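Q: Residue numbers (this note's numbering): 458 to 742.
All residues carry an ideal CB built from backbone N, CA and C; glycine is no exception.
If you're wondering where the values come from, they're calculated on a predicted model, not measured in any experiment.
Have a look at the structure that comes next, please.
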Amino acid sequence: MELQIYPTHAPVGAEISGVNLSEPIDDSTIEKIKSALDDFGMIYLRNQIIKPTQLVAFGGRLGQLEKHVFDQFLLHDHPEIVVLSNIIENGIQIGVSDAGQFWHTDGAFNKNPHIYSMLHAQEIPVDAAGQSLGDTMFVSTVNAFNTLETNTQHQLKGLNGLHSLITQYKKKMTSKIGKNVPLTNEQKARTPDLYHPVIWVHPRSGKECLYINEGTTFGIQGMDEKNAIELIEQLCEHVRKPEFVYCHKWAVGDILIWDNFSTQHKVNFNFSSEHRRKMYRMSIS
Ligand SMILES: O=C(O)CCC(=O)C(=O)O
Ligand SMILES: [Fe+2]
458 MELQIYPTHA
468 PVGAEISGVN
478 LSEPIDDSTI
488 EKIKSALDDF
498 GMIYLRNQII
508 KPTQLVAFGG
518 RLGQLEKHVF
528 DQFLLHDHPE
538 IVVLSNIIEN
548 GIQIGVSDAG
558 QFWHTDGAFN
568 KNPHIYSMLH
578 AQEIPVDAAG
588 QSLGDTMFVS
598 TVNAFNTLET
608 NTQHQLKGLN
618 GLHSLITQYK
628 KKMTSKIGKN
638 VPLTNEQKAR
648 TPDLYHPVIW
658 VHPRSGKECL
668 YINEGTTFGI
678 QGMDEKNAIE
688 LIEQLCEHVR
698 KPEFVYCHKW
708 AVGDILIWDN
718 FSTQHKVNFN
728 FSSEHRRKMY
738 RMSIS
């Protein structure tokens with residue numbers, strides 16, 4: 458079957474069909490997937506019923522797999538995979554339960570953010586009418602940059618944003634979502650606050666990305682706090698304008714990959730502890 462690409466109706470994302478990850482995948486298919494990620498920022502493949510070994514093998518073809526900071530939720534036999542879940546088994550939380558509360562891009566608190574993140578849907582909550590819950594929403598930061606006024610684009614070039622996982626966690630601790638496990642001192646030491654360019658030129662496509670997000674950006678280098686927060690809020694509102702958003706309705710077996718320079722994402726936490734949501738997640742640099 459031929460690989461086909463179907464862009465979503467939003468300025469981000471495309472479905473790729475004609476790929477079956479339970480069968481050997483040739484290099485040209487991998488290149489087509491990467492090039493679709495350059496073009497659309499996010500891609501998804503439906504109905505991939507594969508084992509963790511096959512998932513890790515596929516992820517490793519896209520780049521280098523990075524272990525997540527939350528060591529307590531890594532899969533035993535496959536530490537490249539971290540579990541995201543609201544499920545509690547025998548009184549123990551089986552995965553990260555609060556990832557994606559805010560619009561964000563993964564790894565912004567790292568000096569070299571990993572380029573791709575990948576999710577494989579294991580269990581998806583549904584409501585009484587059979588509608589899936591816990592959608593993940595995406596926007597394009599390239600579209601966000603391109604739709605800014607030219608003088609704003611110029612003003613932003615050369616600015617650096619302050620990113621902080623530690624401040625994000627302070628914010629998370631006051632939210633009602635998930636169990637909000639605090640960062641350990643060792644995890645804090647591994648992720649000190651740092652600066653990234655507000656307009657980041659994409660390392661593969663060369664496209665300009667608006668690299669400011671609600672989850673981790675808390676200041677602008679050389680700007681007083683009040684003005685910086687005001688600017689960040691304005692830009693965040695622009696990035697996630699409703700007409701820019703693609704909302705992914707999950708089904709078990711979906712594999713979704715996104716580019717962390719050219720997109721942002723957020724989860725719709727419209728499910729409760731009676732529902733089961735479980736994702737396998739990988740970070741690829
Ligand atoms: O659970 C999701 O759908 C996404 C959570 C998230 O932000 C992530 O995996 O990076
Ligand atoms: Fe995320």
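1) Which residues neighbour ligand 1 when neighbourhood means a C-beta less than 6 Å away from any of its non-hydrogen atoms? List them by chain order.
2) CB-CB under 6 Å to residue 505, same chain, minus the five flanking residues each way: which ones, in chain order?
3) So who's on the other strand from residue 617, going by DSSP bridges?
4) Can you tell me which of the three DSSP states residue 687 falls into?
5) Would you kindly work out how many angstroms separate the C-alpha atoms of residue 694 and residue 742, rounded to a whole number?
6) Once DSSP output is grouped into helix, strand and coil, what is the label at residue 711?
7) For the alpha helix (DSSP H) that contains residue 518, what are its first and last residues?
8) Just checking residue 561 against ligand 2 - is the residue's beta carbon closer than 8 Å to any of the ligand's heavy atoms?
9) Determine the direct distance from the alpha carbon of residue 532 to that of residue 524, and round the result to whole angstroms.
10) In terms of residues, what are the limits of the beta strand (DSSP E) holding residue 472?
11) Flag this pair as touching only if the region 509-518 and the region 535-551 have three or more C-beta atom pairs under 8 Å; answer yes or no.
12) If we count the other Cβ atoms within 10 Å of its Cβ and call it buried at 16 or more, is residue 468 buried or exposed?
13) Let me check understanding here. Comparing Cα to Cα, which of 463, 470, 483 lies closest to residue 719?
A: Inspection of the coordinates gives the following:
1) Qualifying residues come out as 541, 556, 557, 563, 574, 576, 593, 722, 724, 736, 738.
2) The answer, listed in chain order, is 478, 710, 712.
3) Beta-bridge pairing links residue 617 to 654.
4) In the structure shown, residue 687 adopts helical secondary structure according to DSSP, grouped into three states.
5) When rounded, the separation of the alpha-carbon atoms in residue 694 and residue 742 is 28 Å.
6) If DSSP states are grouped into helix, strand and coil, residue 711 belongs with coil.
7) Judged by DSSP secondary structure, residue 518 falls within the alpha helix (DSSP H) whose first and last residues are 509-519.
8) Indeed, a heavy atom of ligand 2 lies less than 8 Å from the Cβ.
9) Here the alpha carbons of residue 532 and residue 524 stand approximately 11 Å from one another.
10) 471-474 is the span of the beta strand (DSSP E), which, as asked, contains residue 472.
11) Segments in contact, yes.
12) With 16 or more other Cβ atoms within 10 Å, it is buried.
13) For residue 719, the closest of 463, 470, 483 by C-alpha to C-alpha distance is 470.
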